[in-house]
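Number of protein chains: 2
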Amino acid sequence: MADTSGKRLLDSDKTGEPAPDVKRGKTDNENGREDGNESVQENVLSGFKTSSVLSDSAREKNIFIHGKVADQDAVVILEKTPIREDSLAQLFSGSTLKLEMKNDIYSTYRLQAPPHLNEIKTTVVCPATEKHIKKYQRKESFLVEETEEDYKNITLPHILKQSFSVQWVYNILEKKAEAERIVYEDPDPDVGFVLLPDFKWDQKQVDDLYLIAILHQRDIKSLRDLTSEHVPLLQNIFQKGKEAILQRYNLPASKLRVYLHYQPSYYHLHVHFTKLGYDAPGCGVERAHLIADVIQNLQSNPQYYKTRTLYFPMRADDGLLSKFKEAGRL
Amino acid sequence: MADTSGKRLLDSDKTGEPAPDVKRGKTDNENGREDGNESVQENVLSGFKTSSVLSDSAREKNIFIHGKVADQDAVVILEKTPIREDSLAQLFSGSTLKLEMKNDIYSTYRLQAPPHLNEIKTTVVCPATEKHIKKYQRKESFLVEETEEDYKNITLPHILKQSFSVQWVYNILEKKAEAERIVYEDPDPDVGFVLLPDFKWDQKQVDDLYLIAILHQRDIKSLRDLTSEHVPLLQNIFQKGKEAILQRYNLPASKLRVYLHYQPSYYHLHVHFTKLGYDAPGCGVERAHLIADVIQNLQSNPQYYKTRTLYFPMRADDGLLSKFKEAGRL
Numbered sequence: 007m008a009d010t011s012g013k014r015l016l017d018s019d020k021t022g023e024p025a026p027d028v029k030r031g032k033t034d035n036e037n038g039r040e041d042g043n044e045s046v047q048e049n050v051l052s053g054f055k056t057s058s059v060l061s062d063s064a065r066e067k068n069i070f071i072h073g074k075v076a077d078q079d080a081v082v083i084l085e086k087t088p089i090r091e092d093s094l095a096q097l098f099s100g101s102t103l104k105l106e107m108k109n110d111i112y113s114t115y116r117l118q119a120p121p122h123l124n125e126i127k128t129t130v131v132c133p134a135t136e137k138h139i140k141k142y143q144r145k146e147s148f149l150v151e152e153t154e155e156d157y158k159n160i161t162l163p164h165i166l167k168q169s170f171s172v173q174w175v176y177n178i179l180e181k182k183a184e185a186e187r188i189v190y191e192d193p194d195p196d197v198g199f200v201l202l203p204d205f206k207w208d209q210k211q212v213d214d215l216y217l218i219a220i221l222h223q224r225d226i227k228s229l230r231d232l233t234s235e236h237v238p239l240l241q242n243i244f245q246k247g248k249e250a251i252l253q254r255y256n257l258p259a260s261k262l263r264v265y266l267h268y269q270p271s272y273y274h275l276h277v278h279f280t281k282l283g284y285d286a287p288g289c290g291v292e293r294a295h296l297i298a299d300v301i302q303n304l305q306s307n308p309q310y311y312k313t314r315t316l317y318f319p320m321r322a323d324d325g326l327l328s329k330f331k332e333a334g335r336l
Numbered sequence: 007m008a009d010t011s012g013k014r015l016l017d018s019d020k021t022g023e024p025a026p027d028v029k030r031g032k033t034d035n036e037n038g039r040e041d042g043n044e045s046v047q048e049n050v051l052s053g054f055k056t057s058s059v060l061s062d063s064a065r066e067k068n069i070f071i072h073g074k075v076a077d078q079d080a081v082v083i084l085e086k087t088p089i090r091e092d093s094l095a096q097l098f099s100g101s102t103l104k105l106e107m108k109n110d111i112y113s114t115y116r117l118q119a120p121p122h123l124n125e126i127k128t129t130v131v132c133p134a135t136e137k138h139i140k141k142y143q144r145k146e147s148f149l150v151e152e153t154e155e156d157y158k159n160i161t162l163p164h165i166l167k168q169s170f171s172v173q174w175v176y177n178i179l180e181k182k183a184e185a186e187r188i189v190y191e192d193p194d195p196d197v198g199f200v201l202l203p204d205f206k207w208d209q210k211q212v213d214d215l216y217l218i219a220i221l222h223q224r225d226i227k228s229l230r231d232l233t234s235e236h237v238p239l240l241q242n243i244f245q246k247g248k249e250a251i252l253q254r255y256n257l258p259a260s261k262l263r264v265y266l267h268y269q270p271s272y273y274h275l276h277v278h279f280t281k282l283g284y285d286a287p288g289c290g291v292e293r294a295h296l297i298a299d300v301i302q303n304l305q306s307n308p309q310y311y312k313t314r315t316l317y318f319p320m321r322a323d324d325g326l327l328s329k330f331k332e333a334g335r336l
């Protein structure tokens with residue numbers, strides 16, 4: 007569910023659409039190699055016809071495009087990659103510079119780099135449904151105030167009725183997809199989880215580190231379902247997630263921002279691990295809840311998240327927002 | 007009224023150094039062409055030796071580097087350019103795609119584009135002084151965990167000893183400065199406040215609206231001092247601030263993010279009003295506290311902010327961070 011501002015769109019690069027059999031996906035992939043020894047792909051985008059730009063960000067250098075790949079609707083997301091320190095020497099020696107302006111000690115150039123040093127991260131959603139297209143479209147957002155009663159009367163019925171599929175989450179938990187991306191796993195069925203990089207992170211540098219811990223437990227939809235009985239689960243994820251990140255990426259806990267979203271993008275509880283100092287989309291106070299605060303709040307009041315009025319941003323086209331409007335709550 | 011974070015460095019990519027006559031700049035530029043008919047420059051950066059990365063942003067795809075150009079100190083700023091809609095067709099047809107991952111309808115690629123469609127904006131400051139280098143340097147920050155005892159034993163003594171001057175705040179409250187900028191005032195000595203634009207907001211558009219409400223009461227340093235007795239004060243600021251913004255800027259409460267910082271930039275309680283959807287510096291969950299949550303928390307537990315462990319980011323050069331380190335708390 008949805009995100010809110012244009013900038014946050016990258017946050018929700020999966021919708022709740024029913025996911026077809028992963029095997030089919032693998033078959034589709036037979037001309038591809040996912041390891042380091044990759045070969046150049048047939049350019050699936052060479053015949054891409056743009057229908058419209060759904061949104062873009064000049065600050066983040068990304069663009070979300072709706073169009074057609076061989077008569078199928080597709081959403082293509084392009085985002086330039088961060089500049090890596092370890093490529094600077096090659097970049098400086100191997101590029102062409104074009105002078106634009108010179109004034110005193112300041113000069114500006116356009117630098118044309120060797121393509122392999124200046125890649126664009128490309129995500130293709132194909133076939134894309136109307137729902138995907140809407141999802142990526144920039145829409146105004148509104149701050150919604152959700153009381154305990156609003157959750158019971160408006161939000162929960164909406165979630166249950168929509169029955170958003172989280173098949174892709176189960177694919178990950180069952181190692182049917184993305185198994186090679188798993189950074190850490192605690193297999194315990196009660197407090198265990200799988201930790202893997204978020205799609206938004208290209209894993210080339212820790213500056214924008216972004217991992218997701220997905221619970222093995224399947225019956226916790228969101229923050230609203232948490233009570234003090236879940237404190238050991240949250241503590242386990244927090245502690246082991248931090249340890250795994252220290253071990254794998256050499257990043258200590260004091261450099262991490264660990265939080266849950268409310269509303270989340272999908273209703274299977276998951277925890278975000280991002281690098282402190284990286285303005286990750288969705289880390290704003292209006293949507294993020296530090297796991298350390300969540301634990302404290304549940305310890306002092308087991309019903310904290312069941313009873314509290316919660317605030318969250320909601321995009322204008324979100325079905326849930328209409329429900330709040332119909333109920334006269336906005 | 008200071009902001010702190012590294013993300014804003016681009017804000018200031020020129021220092022306050024005196025700028026020489028522009029005509030001289032033009033003369034320097036005689037071997038360059040600024041029009042479409044430009045010639046390739048001698049690559050002044052081909053011999054650039056990197057000394058250190060001063061700062062970078064994975065989100066904004068920029069990097070600030072200190073190094074040497076022919077024995078002269080230089081600062082080089084690289085920033086990837088926004089993706090342009092009018093170049094998409096060429097980009098799709100002319101690029102090479104490398105498959106990274108495929109799961110169901112989602113696939114990700116690394117796209118290698120023709121260099122002229124994927125330029126990097128390059129700014130060179132040369133010769134650069136020590137002042138330039140310091141200006142572009144990012145200070146790392148760390149997440150600090152402050153218990154009730156830490157506040158009493160470390161933070162509070164540090165605040166009191168520093169006796170940070172808030173004379174500029176008193177000047178505003180007494181109309182000795184910035185009186186013409188005041189948007190709204192409630193003069194009540196107990197629950198009253200002055201509402202005015204933050205320095206970061208140029209007031210040219212509401213997209214990045216940013217106002218500050220400063221209390222008339224002078225004895226509340228921060229969130230840590232708040233108890234349930236301050237609920238009427240917070241409710242008054244929240245309510246009247248929203249009304250004043252609706253009246254002046256035609257922006258309803260559902261478009262606002264209203265919050266306090268902990269730690270604040272200065273120890274005289276104030277409240278931030280920013281537009282929802284604008285990624286205001288300091289609106290991240292690690293530093294911001296929604297006033298609506300603060301009110302609820304105090305209503306259910308009058309000592310909430312006196313007793314709770316609070317988390318906040320702190321820059322490496324902050325004196326308070328050293329105190330936490332000395333106390334073995336980091």
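Each protein sequence line maps, in turn, to chains A and B.
Note that the numbering used here numbers the first sequence so that position 141 is 147, with each residue one more than the last.
Note that the numbering used here numbers the second sequence so that position 155 is 161, with each residue one more than the last.
Beta carbons are placed, not taken as given, at the ideal position from N, Cα and C, and that holds for glycine.
Keep in mind it's a predicted model, so treat the numbers as computed, not measured.
> Bridge partners of Ile69/B, per DSSP?
Replying inline: Asp62/B and Leu84/B
>> Out of Tyr268/A, Pro121/A and Glu152/A, which one is the CA nearest neighbour of Ala4/A?
In response: Lying before the first or after the last residue shown, residue 4/A is absent from chain A, which here runs from 7 to 336.
>> Does Trp174/B pass the burial test, meaning 16 or more other C-beta atoms within 10 Å, or should it be called exposed?
In response: exposed
>> So Leu336/A contacts chain B; which residues on that side make the cut at Cβ distance below 7 Å?
In response: Under the 7 Å cutoff, chain B gives Ser260.
> Cβ of Leu327/A less than 8 Å from any chain B Cβ?
Replying inline: By this cut-off, Leu327/A is not an interface position.
> Mind pulling the chain B residues with CB within less than 7 Å of Ile243/A?
Replying inline: Going along chain B, no residue has its Cβ under 7 Å from Ile243/A, so there is no contact; the nearest lies around 17 Å.
> Lys20/B CB to nearest chain A CB: under 8 Å?
Replying inline: Annotation note: pLDDT 30 at Lys20/B (below 50); position unreliable, coordinate value reported separately. So yes, Lys20/B belongs to the interface.
> Taking C-beta to C-beta, are Thr87/A and Lys210/A nearer than 8 Å?
Replying inline: Yes, they are a contact pair.
>> Please classify Asp196/A as buried or exposed, where buried requires at least 16 neighbouring CB atoms within 10 angstroms.
In response: It counts as exposed.
>> Is there a C-beta anywhere in chain A that falls below 8 Å from the one on Ala64/B?
In response: yes
>> With the cut-off set at 8 Å, would you say Ile218/B and His276/B are in Cβ contact?
In response: yes
> Taking DSSP as the reference, what is the three-state secondary structure of Val277/B?
Replying inline: DSSP places Val277/B within a strand segment (E or B) once states are collapsed to three.
> What is the C-beta distance between Lys182/B and Arg116/A, in whole angstroms, given that I count them as a contact (C-beta under 8 Å)?
Replying inline: Actually they are not in contact, since the Cβ atoms of Lys182/B and Arg116/A sit about 49 Å apart, beyond 8 Å.
> Cβ of Lys331/B less than 8 Å from any chain A Cβ?
Replying inline: no
> When the Cα atoms are used, what is the spatial distance from Leu60/A to Leu97/B?
Replying inline: Rounded to the nearest angstrom, the gap between the Cα atoms of Leu60/A and Leu97/B is 17 Å.
> In the structure shown, what three-state DSSP assignment does Val197/A receive?
Replying inline: coil
> Between the C-alpha atoms of Lys13/A and Ile165/B, what's the straight-line distance to the nearest angstrom?
Replying inline: With a pLDDT of 23 at Lys13/A, under the threshold of 50, the predicted position of this residue should be treated as unreliable, and no value is reported.
> So who's on the other strand from Gly283/A, going by DSSP bridges?
Replying inline: BP columns for Gly283/A are empty, so no partner.
> Looking at the structure shown, is Tyr272/A part of a helix, part of a strand, or coil, going by DSSP?
Replying inline: coil
> When you compare each of Leu232/A, Glu125/A and Ser58/A to Asp344/A by their alpha carbons, which one comes out closest?
Replying inline: With chain A represented from 7 up to 336, any question about residue 344/A goes unanswered, as that position is not in the structure.
> Helix or strand or just coil, what does DSSP make of Ala298/B?
Replying inline: Look at Ala298/B here: in three-state DSSP terms it is helix.
> Ordered along the chain, which non-local residues of its own chain (more than five positions away) have a Cβ less than 6 Å from that of Pro133/B?
Replying inline: The beta carbon of Pro133/B is closer than 6 Å to those of Gln78 and Asp79 in its chain, skipping five residues each way along the sequence.
> Is there at least one Cβ from chain A nearer than 8 Å to Gly198/B's Cβ?
Replying inline: Gly198/B does not count as touching chain A.
>> Rounded to the nearest angstrom, what separates Ser306/A and Leu316/B at their Cα positions?
In response: Taking the straight line from one Cα to the other gives about 15 Å.
> Would you say Cys289/A and Val264/B are within 8 Å of each other, going by their C-beta atoms?
Replying inline: no
> If we count the other Cβ atoms within 10 Å of its Cβ and call it buried at 16 or more, is Asn109/B buried or exposed?
Replying inline: buried
> Expressed to the nearest angstrom, what Euclidean distance is found between the alpha-carbon atoms of Arg321/B and Ala185/B?
Replying inline: 32 Å
>> Among Ser101/A, Ala76/A and Val237/A, whose alpha-carbon lies nearest the alpha-carbon of Pro121/A?
In response: Ser101/A
>> Give me the subset of the segment 105-122 of chain B whose CB atoms are less than 9 Å from a CB atom of chain A, sorted by chain position.
In response: Leu105, Glu106, Met107, Lys108, Asn109, Asp110, Ile111, Tyr112, Ser113, Thr114, Tyr115, Arg116, Leu117, Gln118, Ala119, Pro120, Pro121 and His122
>> In the DSSP output, what is His267/A paired with across the bridge?
In response: Ala294/A
>> So, under 8 Å CB-CB, Tyr216/A and Asp231/A are touching, yes? Tell me the CB distance rounded to an integer number of Å.
In response: About 24 Å; that fails the 8 Å criterion.
> If the cut is a Cβ gap below 8 Å, which residues of chain A does Arg263/B touch?
Replying inline: Residues of chain A passing the Cβ test: Leu149, Gly290, Val291 and Glu292.
> Does DSSP put Lys104/B in a helix, in a strand, or in coil?
Replying inline: Here Lys104/B sits in strand by DSSP.
> In the DSSP assignment, what are the bridge partners of Lys127/B?
Replying inline: Here Lys127/B is bridged, per DSSP, to Arg116/A and Glu85/B.
>> Less than 8 Å between the beta carbons of Ile89/B and Ile69/A, yes or no?
In response: Note that the C-beta distance between Ile89/B and Ile69/A is below 8 Å.
> Is the beta carbon of Ile297/B less than 8 Å from the beta carbon of Phe244/B?
Replying inline: With respect to the 8 Å criterion, Ile297/B and Phe244/B are classified as neighbours on the basis of their beta carbons.
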